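What follows is one structure encoded as structure tokens, with my remarks underneath.
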DNA sequence: GCGCTTGTTGAGCAAGCGCTCAGCGGCAGG
DNA sequence: CCTGCCGCTGAGCGCTTGCTCAACAAGCGC
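Protein chains in written order, with the numbering used here: chain A, 25 to 253; chain B, 25 to 253.
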């Protein structure tokens, strides 16, 4: 370990560290956390690994965050926020028809940057912590509400032009499930699943929904006719 | 810690351990592993926790398995096998029509014992280990092949009666994704999602598939007309 | 009843974990 | 230029981890 030579207070070539505002430092630590989770999965959730990734000492993490679980919760919030921002960007483009907005949103959801195995690792870590960590659960609940709200908005704008009325809330949940399932499949088996076909399946599902081809989601009338198929 | 009293070789009330064949012991350790993963998630994957659950000493695990990752891979295989057995039970019941077999299979897939958060934890652990562990990846590949094969069989038996022909392999993958997505949704948000509606969504999707309402999966003719929606 | 095979034990090791805190030193304000 | 605040460092604490291996003892075959 090379210590600074015998000139005790002289100017030195490179400062041993630099200072930053709490805001900037916290964001940098969150970014480092996401990088570690992407690369190492669960084993990336370590004070030493994250601090090395951020280029700071291990102690700094507990200076800015009460514990590492809070840092991970902040990382979850950050990732979810960026996802939601991307959703809203597509959901509000006024130059497109509602159908086109949904299509664009599908394309964005299955773009290579979303199918990346690193992103998958992040979600695995987040999900597995929800059961034991109240902070994580709070972020999770909040996030999911917003997430489904945007999907509801996108589907709701489709409703007027559709030949069949559907139950909006259930349809949004179901579409979310379909998308998550396709995303999961693509993430667990990278390369075996083409993004284009995932988009196609979502578009087709929405078409079927609008055409009334999914009776379980049709509004009113039949409550729940559970005829055997 | 109560040691055995001063009669060194006398008969004692209870033996300190009992012996078992390698086969029996391995199965017991696998069961203990699944129990720990269910209860504690990632933190359950520990030599000490699993051995305590199995009622044996920590050292025994490395006597029967070269490392704990091998034991977890064996647990993955066991869980996947039992799932597959259950699938085949439904897939081969000769007293039912193909459509009914699929319906039963949907019902079994969303039964309370599958939606259990413990089962979800197991899968999270398995998935997160796939990326870094060759043994896990091997089990994963093998398992998924069998899994999709059964789905293909179930859908294939539907084909003759369907009014539209569909591409079997892609349809099986897509149906698997839909089911996994619904299962995921139900597992991540326990209680917010009713099993009955998941079954209904799957049945509806299959109906749409058979009626040709999912053009992206129709066989032959149009290769990939990517018209904008 | 006795000996032997061998399944089982558990202390021990090195490595890594989250977190603490005394003190170093970057850098702004005087 | 020099002072002092405070962001930052990193050795160190107590703990858990996976795994090893010498010693122990269950229970079969005699």
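We treat Cβ as the ideally placed atom computed from N, Cα and C, and that holds for glycine.
Only a predicted model underlies this, so the values are computations on that prediction, with no experimental measurement involved.
Buried/exposed call for residue 41 of chain B, threshold 16 Cβ in 10 Å: In the second chain, residue 41 of chain B corresponds to position 17, counting from 1. Classification of residue 41 of chain B: exposed, given that the 10 Å Cβ count is below 16.
Determine whether the beta carbon atoms of residue 181 of chain B and residue 118 of chain B lie at a separation below 8 Å. Here residue 181 of chain B refers to the residue found at position 157 when the second chain is read from its first residue. Here residue 118 of chain B refers to the residue found at position 94 when the second chain is read from its first residue. Taking 8 Å as the Cβ cut-off, residue 181 of chain B and residue 118 of chain B do not qualify as a contacting pair.
Tell me, to the nearest whole angstrom, how far the beta carbon of residue 216 of chain A is from that of residue 142 of chain A; I am working on the premise that it is less than 8 Å. Here residue 216 of chain A refers to the residue found at position 192 when the first chain is read from its first residue. Here residue 142 of chain A refers to the residue found at position 118 when the first chain is read from its first residue. The Cβ separation is near 18 Å, so there is no contact.
Chain A residues whose Cβ lies nearer than 8 Å to that of residue 194 of chain B: Counting from 1 along the second chain, the entry for residue 194 of chain B is found at position 170. Residues of chain A passing the Cβ test: 221.
As assigned by DSSP and simplified to three states, the class of residue 249 of chain B: Looking up residue 249 of chain B in the second chain gives position 225. Bear in mind that the predicted position of residue 249 of chain B carries a pLDDT of just 43, short of 50, making it unreliable; the figure below should be weighed with that in mind. Coil.
Counting pairs of beta carbons, one from the region 121-135 of chain A and one from the region 57-71 of chain A, are three or more of them closer than 8 Å? no
Interface flag, residue 122 of chain B vs chain A, CB-CB below 8 Å: Numbered from 1 along the second chain, position 98 holds the residue referred to as residue 122 of chain B. So, not an interface residue.
Nearest to residue 101 of chain B by alpha carbon, out of B/151, B/213, B/236 and B/218? Counted from its first residue, the second chain places residue 101 of chain B at position 77. Closest option to residue 101 of chain B, Cα to Cα, is B/151.
Chain B contact for residue 209 of chain A (CB, 8 Å cutoff): Walking along the first chain from the start, residue 209 of chain A turns up at place 185. Yes, its Cβ sits closer than 8 Å to a Cβ of chain B.
Exposure label - residue 81 of chain B; buried when at least 16 CB within 10 Å: In the second chain, the residue the question calls residue 81 of chain B occupies position 57. Classification of residue 81 of chain B: exposed, given that the 10 Å Cβ count is below 16.
Between residue 156 of chain A and chain B, is the shortest Cβ-Cβ distance under 8 Å, so that the two count as touching? By 1-based counting over the first chain, the position of residue 156 of chain A is 132. At least one chain B Cβ lies under 8 Å of residue 156 of chain A.
Can the beta-carbon of residue 221 of chain A be found closer than 8 Å to that of residue 139 of chain A? Working through the first chain from its first residue, we reach residue 221 of chain A at position 197. Working through the first chain from its first residue, we reach residue 139 of chain A at position 115. No, Cβ-Cβ distance for residue 221 of chain A and residue 139 of chain A is not below 8 Å.
Looking only at its chain, what residues have a beta carbon closer than 8 Å to the beta carbon of residue 189 of chain A, apart from the 5 residues adjacent to it on each side? For the purposes of this step, residue 189 of chain A is identified with residue 165 of the first chain, where counting begins at 1. Taking residue 189 of chain A as the centre and dropping the five residues before and after it, the same chain places the C-beta of 183, 242, 243 and 244 closer than 8 Å to its C-beta, in chain order.
Do the CB positions of residue 115 of chain A and residue 167 of chain A come within less than 8 Å of each other? On the first chain, position 91 is the one that residue 115 of chain A refers to. On the first chain, position 143 is the one that residue 167 of chain A refers to. In terms of Cβ geometry, residue 115 of chain A and residue 167 of chain A do not form a close pair [threshold 8 Å].
Residue 48 of chain A, buried or exposed, once every other Cβ within 10 Å from all chains shown has been counted against 16: Mapped onto the first chain, residue 48 of chain A falls at position 24. Classification for residue 48 of chain A: exposed.
Roughly how many angstroms separate the alpha carbons of residue 187 of chain B and residue 235 of chain B, rounded to a whole number? Position 163 of the second chain holds residue 187 of chain B. Position 211 of the second chain holds residue 235 of chain B. The alpha-carbon atoms of residue 187 of chain B and residue 235 of chain B are separated by roughly 6 Å.
The alpha helix (DSSP H) with residue 203 of chain A in it runs from where to where? For this step, residue 203 of chain A is matched to residue 179 along the first chain. Where residue 203 of chain A is concerned, the enclosing alpha helix (DSSP H) stretches over 192-212.
Using the beta-carbon of each residue, which ones in chain A are nearer than 9 Å to residue 82 of chain B? Taking the first residue of the second chain as position 1, residue 82 of chain B is located at position 58. The premise fails here: residue 82 of chain B is roughly 21 Å from chain A at the closest Cβ pair, so nothing lies under 9 Å.
Contact under 8 Å by Cβ, residue 88 of chain B with residue 125 of chain B: Sequence index remark: in the second chain, residue 88 of chain B carries index 64 (1-based). Sequence index remark: in the second chain, residue 125 of chain B carries index 101 (1-based). Against a cut-off of 8 Å, the Cβ pair of residue 125 of chain B and residue 88 of chain B comes out as no contact.
Helix, strand or coil, according to DSSP, for residue 216 of chain B in the structure here? The residue labelled residue 216 of chain B in the question sits at position 192 within the second chain. Three-state DSSP puts residue 216 of chain B in coil, outside helix and strand.
Tell me which residue opens and which closes the alpha helix (DSSP H) that residue 57 of chain B is part of. Looking up residue 57 of chain B in the second chain gives position 33. Here the alpha helix (DSSP H) through residue 57 of chain B covers 46-64.
Who are the Cβ neighbours of residue 176 of chain B in its own chain at under 7 Å, not counting the five residues just before and after it? Numbered from its first residue, the second chain carries residue 176 of chain B at position 152. Within the same chain, residue 176 of chain B has close Cβ partners 192, 193 and 196.
Does any C-beta atom of chain B lie closer than 8 Å to the C-beta of residue 168 of chain A? Residue mapping note: residue 168 of chain A aligns to position 144 of the first chain, counting from 1. Yes, its Cβ sits closer than 8 Å to a Cβ of chain B.
Which of the three DSSP states, helix, strand or coil, is assigned to residue 112 of chain A? Along the first chain, one-based indexing puts residue 112 of chain A at 88. In the three-state reduction of the DSSP assignment, residue 112 of chain A falls in the helix class.
Which word fits residue 109 of chain A, buried or exposed, when buried means at least 16 other C-beta atoms lie within 10 angstroms of its C-beta? Counting from one through the first chain, the residue named residue 109 of chain A turns up at place 85. The residue in question, residue 109 of chain A, is exposed, as its Cβ has fewer than 16 Cβ neighbours within 10 Å.
With DSSP as the reference, label residue 76 of chain A as helix, strand or coil. Position 52 of the first chain, counted from the first residue, corresponds to residue 76 of chain A. Three-state result, residue 76 of chain A: helix.
Between the alpha carbons of residue 73 of chain B and residue 55 of chain B, how many angstroms are there, rounded? Position 49 of the second chain, counted from the start, is the residue given in the question as residue 73 of chain B. Position 31 of the second chain, counted from the start, is the residue given in the question as residue 55 of chain B. The straight-line gap from Cα to Cα measures roughly 13 Å.
With a threshold of 16 other CB atoms inside 10 Å of the CB of residue 38 of chain A, please say whether the residue is buried or exposed. Numbered from 1 along the first chain, position 14 holds the residue referred to as residue 38 of chain A. Classification of residue 38 of chain A: exposed, given that the 10 Å Cβ count is below 16.
Between residue 187 of chain A and chain B, is any beta-carbon pair separated by less than 8 Å? Along the first chain, one-based indexing puts residue 187 of chain A at 163. So no, residue 187 of chain A is outside the interface.
For a contact meaning CB atoms closer than 7 Å, what does residue 114 of chain B contact in chain A? Here residue 114 of chain B refers to the residue found at position 90 when the second chain is read from its first residue. Neighbours of residue 114 of chain B in chain A, taken as residues whose beta carbon is under 7 Å from its own, are absent, since the nearest beta carbon is some 14 Å off.
Candidates A/159, A/185 and A/233: which alpha carbon is nearest residue 202 of chain A's? Your numbering for residue 202 of chain A matches position 178 in the first chain. The candidate whose alpha carbon is nearest that of residue 202 of chain A is A/233.
Chain A contact for residue 184 of chain B (CB, 8 Å cutoff): If you number the second chain from 1, residue 184 of chain B lands on position 160. The beta carbon of residue 184 of chain B does not come within 8 Å of any beta carbon belonging to chain A, so the residue lies off that interface.
For residue 40 of chain B, report the span of its alpha helix (DSSP H) as first-last. Taking the second chain and counting its residues from 1, the one referred to as residue 40 of chain B is at position 16. Run containing residue 40 of chain B: none; DSSP gives neither H nor E here.
Under 8 Å, Cβ to Cβ, is there at least one residue of chain B near residue 212 of chain A? Numbered from its first residue, the first chain carries residue 212 of chain A at position 188. Output row for residue 212 of chain A: interface = yes.
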